[in-house]
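**Student:**
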Amino acid sequence: MQLEAIVNQPLIETERFDLRPVRRSDMGMIEMYASDPRVANATSSIPHPLPPGSVEAYVTRAMSDDREEDVWV
């Protein structure tokens, strides 16, 4: 994905919450929530225990120029 597409990834705003593009500073919170066994039990794609490096790999893919979809947090 080109830089223009990343810059133009929309911010989704509602009365109760905002969704914005993921950034590297989100890794700690993503890891905290994704490491919760309740989250793993409620999803089909988050394993428990969370493998080392998986959050960094996820954020790297989410921010990649050639990603195929947008990711929000």
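Note that this note's numbering has the sequence shown beginning at -3, numbered continuously upward. C-beta: ideal position from N, C-alpha, C; glycine also. Fair warning: this is a prediction, and the values are worked out from it, not measured in the lab.
Looking at W68 and V18, is the spacing between their C-beta atoms short of 9 Å?
**Tutor:** Contact: yes.
**Student:** For L15, list the residues DSSP reports as bridge partners.
**Tutor:** Answer by DSSP bridge pairing, in chain order: I8.
**Student:** Roughly how many angstroms separate the alpha carbons of R63 and R20, rounded to a whole number?
**Tutor:** Using only the alpha carbons, I get a separation of about 16 Å.
**Student:** Note down the Cα distance separating I42 from P6, rounded to an integer number of angstroms.
**Tutor:** Cα-Cα distance, rounded: 25 Å.
**Student:** Decide if L(-1) is buried, meaning its Cβ has at least 16 other Cβ atoms within 10 Å, or exposed.
**Tutor:** Any reading at L(-1) must be qualified, since the residue scores a pLDDT of 49, below 50, and its modelled position is unreliable; the value itself is stated next. It counts as exposed.
**Student:** Please go through the same chain and pick out, in chain order, the residues whose beta-carbon is closer than 7 Å to the beta-carbon of R16, but skip the five residues on each side of it.
**Tutor:** Here the set comprises L7, W68 and V69.
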